[in-house]
Structure formats: structure tokens, C-alpha cells
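K.L.:
Got a structure for you, questions after.
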Amino acid sequence: MAFLNPARPKADRRLDGWERSRRRAYLAGLLPALVVLGVITLLPGLFLLGVSLTPLSLVNPSTVFDFSDPLGNYRELLRDGRFHNSVLLQLHLSATSVGLQLAVGLGVALLLNVRARFFEAIRTAFLVPMVLPPIVVALIWKILYTPDVSPLHRLLEEVGLPVDSLITDPGLAIWAIAVAETWQWFPFTMLMVLATLQLIPDEPLEAARIDGATRWQVFRHITLAYLRPALVVCGLFRLIDSLKAFPLIYVLTNGGPGTATEVTNYYGFIEAFNFSYWGYASAIAVLMLGGVFVVSWLVGRLGWNEVHHD
Numbered sequence: 001m002a003f004l005n006p007a008r009p010k011a012d013r014r015l016d017g018w019e020r021s022r023r024r025a026y027l028a029g030l031l032p033a034l035v036v037l038g039v040i041t042l043l044p045g046l047f048l049l050g051v052s053l054t055p056l057s058l059v060n061p062s063t064v065f066d067f068s069d070p071l072g073n074y075r076e077l078l079r080d081g082r083f084h085n086s087v088l089l090q091l092h093l094s095a096t097s098v099g100l101q102l103a104v105g106l107g108v109a110l111l112l113n114v115r116a117r118f119f120e121a122i123r124t125a126f127l128v129p130m131v132l133p134p135i136v137v138a139l140i141w142k143i144l145y146t147p148d149v150s151p152l153h154r155l156l157e158e159v160g161l162p163v164d165s166l167i168t169d170p171g172l173a174i175w176a177i178a179v180a181e182t183w184q185w186f187p188f189t190m191l192m193v194l195a196t197l198q199l200i201p202d203e204p205l206e207a208a209r210i211d212g213a214t215r216w217q218v219f220r221h222i223t224l225a226y227l228r229p230a231l232v233v234c235g236l237f238r239l240i241d242s243l244k245a246f247p248l249i250y251v252l253t254n255g256g257p258g259t260a261t262e263v264t265n266y267y268g269f270i271e272a273f274n275f276s277y278w279g280y281a282s283a284i285a286v287l288m289l290g291g292v293f294v295v296s297w298l299v300g301r302l303g304w305n306e307v308h309h310d
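full-length UniProt numbering puts the first residue of the sequence shown at 1, with every later residue one more than the last.
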């Protein structure tokens, strides 16, 4: 039918040309950012992978190009009981801290989901821990966990319930780290859940109440269904960040007592900076990076399937 409207093909060609020009301009603007991102992320990652294939040590720097046994570090990690223990501790810390952050953040968000200026001020106050530098958070909890200077310990002594320092107890030190990290990061979950609660329509809630549903039934079958995508995102982000709890461990326990809080990233730090085994520490970092990708994919996949099924 083009012969009925000879101007149309020309207009279409003009539109196609404009679209191609727009795409070229878009790519031209995006390319510098991609180059910078590749330089600061991809190149260090490739260098880390390369170093992990060598026995590099500061005692013998020339081994940086020694690829005679590229899988030697990884075979050694399979036999390293201390590394296995660090992985178990990392899983324990991540599961505990992320679970507490989701539970506390969800509970506080439900309590603060009220439209009032007073509660808005309280919400702002709850965000303070999240914006503090990690080292400041670590120092705060170092004071709280030290009986000689801790106001919390003094209060417990006054009421006749003295307790020892949690960070010196091998069975409780990892829980003390999890509590400190939960205090710092539960506001992230609270903020995400509060934002989602504000978007839940009133109609299904009112319909459920009219049908005689209890508060628990309304929360379980309606509210939680709307909140589940936000909780999955929060859990994914916090799970990845839980692998970076280095400042808390460094300040509070220094990996102790013994190896009670020596998680994987801290063990890699010891191997790199205490013993100068950079090749071995790089192999630990590569395995951690691979674990982060796998866990992220699994959590995202499971969360998407659950939300899509609902």
C-alpha cells in the first residue's frame, strides 16, 4: 500500500535514522562509564584470579609469574581445616545476622506504619545506625561489650544480674557480632518494608476484614504477599553485605577468642597481611566471590519463583 502514500516510506526512513542516531548517542554516552567500570572492577578481578594461581608471597615476590602449579592454592584450601571452619562461621554469621535483620526490620516497620508526625520522627531516629561509619559502630559496641566501661554491664550489676563479656566467650562471640550488625543494618529492611506498606491498597485489606479474617490471617495472606518481594531484595542485599563484616570483627574480637569469630574474609586477611601469603589469600577471595555469585543467583531465583507463583 506504499504507493497510496508515497510520503510514508520517506517519513519512516527519517524516523529510523533518528532512532539509529539516538542509539549511537546513547552508546557514546554510556561507553566511557563502561570503560571506567571495567578498569576499576574487571581488571582487579582478573589480577586477583591470576595471583590466586601463583604461590605469591612477599617473602619471594618473584613468584608472581610462577604458574607452574596453578591449582596448588585451591588444592591446599580443600585440605585446610581452618578454612573450612571459617566458611562454617561465615555461614553461621550470615544466616543469623540476615535473619535477625529481616525479622527486626519487619517488626519495627509494622509498628511504625502509622501516619503521624511523632512516628515520622521516630523513623528518622531509627535510620541513624545505618548512616554511621562501620568503625564507629564497632567502637560503640566495643564499649557496650566491655564490662569495665559498659553502661549496660553496670546496669545489670545494679539489678543483681552481672554477666561476663560476650566477646570473650567462644560460644557467644559470633552472636555478639550478629547483634551488632543487626543493630546497624535492620533500618535498611525497615525502610524498604515501610515503603512497601505505604503502597498496599486498602481494598483487599478491607474486603478481608469484612469477610471475618483475623489480623493474623490478613497479615499472612495479604500483607505478607505484598511484602515478600521487598523482603527478598533486602535479604539478598544484606546476605551479600554480611560477607563484609570485617570492621566489627577486627575491632570487637580480632577473630577470637581463638578462632571463634574468624570468618572467611578475616582468615584471608590474616593469610595476606599477617603471613604475606598473597597467592593463598587471593584464592580465598576468589572462592568467596564465586560463593557470592552462587548465593545471589539462588536467592534471586527462589525469591522470583515464589513471588511469581503467588
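Think of the CB as a built atom: it goes at the ideal place given N, C-alpha and C, for glycine as much as any other residue.
In the structure shown, what three-state DSSP assignment does asparagine 113 receive?
P.N.:
The residue given as residue 113 occupies position 113 in the sequence shown. Of the three classes helix, strand and coil, the one that applies to asparagine 113 here is coil, per DSSP.
K.L.:
If you pair each beta-carbon of the region 279-289 with each one of the region 46-64, do three or more pairs fall below 8 Å?
P.N.:
Because the criterion of three Cβ pairs below 8 Å is met, the region 279-289 and the region 46-64 touch.
K.L.:
Say whether the region 92-108 touches the region 178-186, bearing in mind that this needs 3 or more beta-carbon pairs closer than 8 Å, one atom from each stretch.
P.N.:
Cβ pair count under 8 Å is three or more, so yes.
K.L.:
Under 7 Å Cβ to Cβ from valine 87, same chain only, skipping five residues before and after it: list those, please.
P.N.:
As a working note, residue 87 is residue 87 in the sequence shown. Closer than 7 Å at the Cβ level, and outside the excluded window around valine 87, lie Thr264.
K.L.:
Going by DSSP, name the residue or residues bridged to residue 313.
P.N.:
Residue 313 lies beyond the residue range present for the chain, which begins at 1 and ends at 310; the question has no answer from this structure.
K.L.:
On the three-state DSSP scale, how would you describe serine 150?
P.N.:
If you number the sequence shown from 1, residue 150 lands on position 150. It is coil, neither helix nor strand.
K.L.:
Use the C-beta contact count for arginine 301: other C-beta atoms within 10 angstroms, 16 or more gives buried, fewer gives exposed.
P.N.:
Here residue 301 refers to the residue found at position 301 when the sequence shown is read from its first residue. Looking at its Cβ environment, which holds fewer than 16 other Cβ atoms inside 10 Å, arginine 301 is exposed.
K.L.:
Could you spell out where the alpha helix (DSSP H) holding alanine 176 opens and where it closes?
P.N.:
In the sequence shown, residue 176 corresponds to position 176, counting from 1. 173-199 is the extent of the alpha helix (DSSP H) around alanine 176.
K.L.:
Residue range of the alpha helix (DSSP H) that tyrosine 74 falls in?
P.N.:
As a working mapping, residue 74 is identified with position 74 in the sequence shown. 72-79 is the span of the alpha helix (DSSP H), which, as asked, contains tyrosine 74.
K.L.:
Return the CA-CA distance between lysine 244 and alanine 213, expressed in angstroms with no decimal places.
P.N.:
Sequence index remark: in the sequence shown, residue 244 carries index 244 (1-based). Sequence index remark: in the sequence shown, residue 213 carries index 213 (1-based). Straight-line Cα distance between these residues: approximately 43 Å.
K.L.:
Do asparagine 254 and the ligand FMN come close, with the Cβ less than 6 Å from some heavy atom?
P.N.:
In the structure shown, the ligand FMN is absent, as is every other ligand, since no ligand is present at all.
K.L.:
Run the CB neighbour count on arginine 238, radius 10 Å, all protein chains shown included, and call it buried at 16 or more, exposed below.
P.N.:
For the purposes of this step, residue 238 is taken as residue 238 along the sequence shown, with counting starting at 1. The residue in question, arginine 238, is buried, as its Cβ has 16 or more Cβ neighbours within 10 Å.
K.L.:
Would you mind sorting leucine 37 into buried or exposed? The rule is 16 or more other CB atoms within 10 Å of its CB.
P.N.:
Here the question's residue 37 lines up with position 37 in the sequence shown. Its Cβ having fewer than 16 others within 10 Å, leucine 37 is exposed.
K.L.:
Taking tyrosine 277 and serine 57 to be in contact with their CB atoms under 8 Å, please state how far apart those CB atoms are, rounded to whole angstroms.
P.N.:
The residue you call residue 277 lines up with position 277 of the sequence shown. The residue you call residue 57 lines up with position 57 of the sequence shown. Between serine 57 and tyrosine 277 the Cβ distance is about 6 Å, and since that is below 8 Å, they are a contact.
K.L.:
Whole angstroms are fine: how far does the CA of arginine 215 sit from the CA of alanine 208?
P.N.:
Residue numbering aside, residue 208 sits at position 208 when the sequence shown is read from its first letter. Residue numbering aside, residue 215 sits at position 215 when the sequence shown is read from its first letter. One C-alpha to the other measures close to 9 Å.
K.L.:
Using a Cβ-Cβ cutoff of less than 7 Å, which residues in the same chain neighbour phenylalanine 3 once the five nearest sequence positions on both sides are dropped?
P.N.:
Position 3 of the sequence shown holds residue 3. In this prediction, phenylalanine 3 scores a pLDDT of 46, lower than 50, which makes its location untrustworthy; no coordinate-derived value is stated.
K.L.:
Grouping DSSP H, G and I as helix and E and B as strand, with all else coil, what is leucine 206?
P.N.:
Against the sequence shown, residue 206 aligns to sequence position 206. As written in the sequence, residue 206 is glutamate, which differs from the leucine given in the question. In this structure, glutamate 206 counts as helix in the three-state DSSP scheme.
K.L.:
Are at least three pairs of beta-carbons, each pair with one atom in the region 73-85 and one in the region 160-169, less than 8 Å apart?
P.N.:
With a cut-off of 8 Å, the region 160-169 and the region 73-85 do not count as touching, because too few Cβ pairs lie within range.
K.L.:
Determine the contact status of valine 218 and lysine 142, defining contact as a CB-CB distance below 7 Å.
P.N.:
The residue labelled residue 218 in the question sits at position 218 within the sequence shown. The residue labelled residue 142 in the question sits at position 142 within the sequence shown. Their beta carbons are not under 7 Å apart, which means valine 218 does not touch lysine 142 by this criterion.
K.L.:
Among the residues of its own chain, which have a CB less than 7 Å from the CB of tyrosine 145, if the five just before and after it don't count?
P.N.:
The sequence position of residue 145 within the sequence shown is 145, counting from 1. Excluding positions up to five away in sequence, the list reads Ser165, Leu166, Ile167, Ala176 and Leu252.
K.L.:
Taking only the alpha-carbon atoms, compute the straight-line gap between alanine 195 and proline 229 and give it to the nearest angstrom.
P.N.:
Reading the sequence shown from its first residue, position 195 is the one you call residue 195. Reading the sequence shown from its first residue, position 229 is the one you call residue 229. Using only the alpha carbons, I get a separation of about 12 Å.
K.L.:
Can you tell me where the alpha helix (DSSP H) with asparagine 265 in it begins and where it stops?
P.N.:
Translated into the one-based positions of the sequence shown, residue 265 becomes position 265. From DSSP, the alpha helix (DSSP H) with asparagine 265 extends over 264-269.
K.L.:
So asparagine 73 packs on threonine 259, CB below 8 Å; how close in whole Å?
P.N.:
Counting from one through the sequence shown, the residue named residue 73 turns up at place 73. Counting from one through the sequence shown, the residue named residue 259 turns up at place 259. No, asparagine 73 and threonine 259 are not in contact; Cβ-Cβ is about 20 Å, not under 8 Å.
K.L.:
With a 10 Å radius around its C-beta and 16 neighbouring C-beta atoms as the bar for buried, classify leucine 102 as buried or exposed.
P.N.:
The residue labelled residue 102 in the question sits at position 102 within the sequence shown. So leucine 102 counts as buried.
K.L.:
Using a 10 Å radius around the Cβ and a threshold of 16 neighbouring Cβ atoms, would you call glycine 105 buried or exposed?
P.N.:
Indexing the sequence shown from 1 puts residue 105 at position 105. By the neighbour-count rule (16 or more Cβ atoms within 10 Å), glycine 105 is buried.
K.L.:
Which of the three DSSP states, helix, strand or coil, is assigned to tyrosine 277?
P.N.:
Locating residue 277 in the sequence shown gives position 277, where the first residue counts as 1. Tyrosine 277 falls in the coil class under three-state DSSP.
K.L.:
Which residues in the same chain have their Cβ closer than 6 Å to the Cβ of methionine 192, if we skip the five residues on either side of it in sequence?
P.N.:
Here residue 192 is taken as the residue at index 192 of the sequence shown, counted from 1. Same-chain partners within the cutoff: Ala230 and Cys234.
K.L.:
If we count the other Cβ atoms within 10 Å of its Cβ and call it buried at 16 or more, is isoleucine 174 buried or exposed?
P.N.:
As a working note, residue 174 is residue 174 in the sequence shown. Label assigned to isoleucine 174: buried.
K.L.:
Alpha carbon to alpha carbon, what distance is there between tyrosine 280 and asparagine 60?
P.N.:
For this step, residue 60 is matched to residue 60 along the sequence shown. For this step, residue 280 is matched to residue 280 along the sequence shown. The straight-line gap from Cα to Cα measures roughly 13 Å.
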